[in-house]
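A quick write-up on the structure given underneath.
Protein chains: 2
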Amino acid sequence: MHDVLKNSLVGLTALSDEQWAFVLNHFKSKTTKRNELLLEKGNTCQNIYFVVKGCLRIFLAGDDGQESTRIFIFEGNFGTAFPSFVLRQPSAAAIQSIEASDVLYISYQHFQTLLETIPGWEKMYRIILEKGYIESILRIESLISMDAAERYNILLEKNPKLIQRLSAKIVADYLGISQETLSRLKSRKSPKVGKVRKSEK
Amino acid sequence: MHDVLKNSLVGLTALSDEQWAFVLNHFKSKTTKRNELLLEKGNTCQNIYFVVKGCLRIFLAGDDGQESTRIFIFEGNFGTAFPSFVLRQPSAAAIQSIEASDVLYISYQHFQTLLETIPGWEKMYRIILEKGYIESILRIESLISMDAAERYNILLEKNPKLIQRLSAKIVADYLGISQETLSRLKSRKSPKVGKVRKSEK
DNA sequence: ATCATTTATTGACTTTTGTCAATTTTATTA
DNA sequence: TAATAAAATTGACAAAAGTCAATAAATGAT
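Heads up: the protein sequence lines correspond to chains A and B, in order. Residue 172 in the numbering used here sits at position 172 of the first sequence; the count goes up by one each step and never skips. Residue 121 in the numbering used here sits at position 121 of the second sequence; the count goes up by one each step and never skips.
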């Protein structure tokens, strides 16, 4: 599993073999079950996760049972309940493994150690932050300037894998619309394109 | 002007006097008029701006004349058309000086120079990125999980100065709602709280 | 200070989206 | 593979928000 992590980072920053060993040594591995919670709302997030296989989601849960997905973390990506992790505060969001997944994770303390002792790690983190920040800006733009149909069509165009792979319920949570509205958008605009049924695979 | 910049950064990172001089030397200053455009949509953003006095906004403009404000940059903060600046691509958004403002700015090339030559600068940038990313995550959450009235009330609670200082039109653009809806929210929920008229100051 | 311009408010109406409920389809697991 | 649970779809209706238009208020430039 650690090789996957190294391979995905090796282009971002230049580290010696000793530094790579030091870095990788601070990541623990974990296998999760489908729907397993990695962080409960209200707890302070202690880890950054790197998804080797599978998919996590960070989501908000309202009192009424309604959920809103803040972000997905697919294979080859880092993620955490970011505000909680950085500010060391109880998290408004929970982290859930949507699929049975293999993840690596590093604690806040160890992450700080890497930032302080490996100069290239600061750069790598910065580049990952830039990428995440850009994604979030594009998402804000779609939310403030488009209606549900436009947002869905853009997602379909830019990230069709996401729609195929996840349940419509969760896609709706992510788009900020109800599952019924999403269902109607699908039948209205593109009847043939939707989640690939497992029975068709 | 450069003192304001140094004072706002000095707590984030440890630099020698020589390093501070080197850093500040790479920032140019500029005075802007009200409503002046610092970047037009379609151009690649060349600078990061630091607002000493006044306020900038980064906004999208639709074909129909409708505008959506991505973010505001008030005194003591950095900002840019971030995706364009980082990815070196034409910007979807424009940058406008809402008020007559004093700004400092640094070019992409000079910014890279600072990242490469001043280790503490990488850390400073990372901390600013973390802050911006957290803000954007909270904004996404409000957009996907709250209706217009809730978003407005939260903004009123967390950032009343923003509502007082800016026109309702621009606040509506920022909230992702129409000006009419915002006007109705104001009269419905909190008749006495609104923008402070200049005539009342 | 006045005037022209921009911004804000309000009403009437339309469109979009949400909610509730019933049904069908798909997925999970014993 | 049957049984059960979960998810998706659809219809009917309600609520939220947008649009258009008219008017009022505030601003800023002379």
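The C-beta atom is built at its ideal place from N, Cα and C for all residues, glycine as well.
Is any non-hydrogen atom of the ligand ADP found closer than 7 Å to the C-beta of residue i, if you look at the structure I gave you?
i        : result
Arg151/A : This structure simply doesn't include the ligand ADP, nor any ligand for that matter.
Assign residue i to buried or exposed, taking buried as 16 or more other Cβ atoms, counted over all protein chains shown, within 10 Å of its Cβ.
i        : result
Val10/B  : exposed
Gln96/A  : buried
Gly42/A  : exposed
Pro160/A : exposed
Asp173/B : buried
Glu141/B : buried
Pro90/A  : exposed
Thr221/A : Residue 221/A lies beyond the residue range present for chain A, which begins at 1 and ends at 201; the question has no answer from this structure.
Arg34/A  : exposed
Asn47/A  : buried
Arg188/B : exposed
Ser199/B : Low confidence applies to Ser199/B: its pLDDT is 35, below 50, so where it sits in the model is not reliable, and the reading given next is rough at best. Its Cβ having fewer than 16 others within 10 Å, Ser199/B is exposed.
Ala94/A  : buried
Out of the options, point me to the one whose CA is closest to residue i's CA.
i        : options                                  : result
Ser167/A : Phe50/A, Tyr108/A, Lys158/A and Lys186/A : Lys186/A
Glu36/B  : Trp20/B, Thr117/B, Leu162/B and Ala100/B : Ala100/B
Leu115/A : Val23/A, Tyr105/A, Cys55/A and Ser8/A    : Val23/A
Phe50/A  : Ala94/A, Leu15/A, Ile128/A and Thr113/A  : Ile128/A
Leu12/B  : Leu87/B, Lys33/B, Glu130/B and Phe74/B   : Glu130/B
Leu38/A  : Ile98/A, His26/A and Arg151/A            : Ile98/A
Phe72/B  : Pro83/B, Ile58/B, Ala81/B and Phe82/B    : Ile58/B
Lys169/B : Ile48/B, Phe27/B, Lys53/B and Ser68/B    : Ser68/B
Thr32/B  : Gln66/B, Phe85/B and Tyr105/B            : Tyr105/B
Phe27/B  : Leu56/B, Val4/B and Ala94/B              : Val4/B
Lys30/A  : Ala21/A, His2/A, Lys6/A and Ser8/A       : His2/A
Gln66/B  : Cys55/A, Gln46/A, Met146/A and Lys158/A  : Met146/A
Arg213/A : Ala21/A, Asn47/A and Leu56/A             : Nothing in the structure corresponds to residue 213/A, since chain A is present only between 1 and 201.
Phe78/B  : Leu87/B, Phe111/B and Arg88/B            : Phe111/B
Gly132/A : Phe82/B, Asn25/B and Ala148/B            : Phe82/B
Ser107/A : Ala148/A, Asn25/A and Lys53/A            : Asn25/A
Quick one: Cα of residue i to Cα of residue j, how far?
i        : j        : result
Glu18/A  : Gln109/A : 20 Å
Thr44/B  : Ile134/A : 15 Å
Glu75/A  : Asp102/A : 9 Å
Gly176/B : Leu143/A : 7 Å
Leu155/B : Ala14/B  : 34 Å
Ile137/B : Asn153/B : 18 Å
Leu178/B : Leu162/B : Note on residue identity: the sequence assigns Ser, not Leu, to residue 178/B. Distance between the alpha carbons of Ser178/B and Leu162/B is about 17 Å.
Arg88/A  : Glu40/A  : 14 Å
Phe85/B  : Ser183/A : 37 Å
Ala92/B  : Thr113/A : 38 Å
Val196/B : Arg126/A : Here Val196/B scores only 39 on pLDDT, less than 50, and its place in the model is too uncertain to base an answer on.
Glu180/A : Glu150/A : 16 Å
Val171/B : Arg139/B : 14 Å
Lys158/B : Ile118/A : 37 Å
Ala148/A : Ala148/B : 15 Å
Ser16/A  : Lys53/A  : 26 Å
Ala21/A  : Ala21/B  : 37 Å
Ser8/B   : Arg70/B  : 23 Å
Lys6/A   : Lys6/B   : 37 Å
Any 3 or more C-beta pairs closer than 8 Å across the segment 46–63 of chain A and the segment 115–124 of chain A: no
Secondary structure, alpha helix (DSSP H): runs of 4+ residues fully inside the segment 4–68 of chain A: If you keep only unbroken alpha helix (DSSP H) runs of at least 4 residues inside the segment 4–68 of chain A, you get 17–25.
Whole runs of the alpha helix (DSSP H) within the segment 79–167 of chain A, excluding any shorter than 4 residues: 82–87, 108–117, 119–145, 148–158 and 160–165
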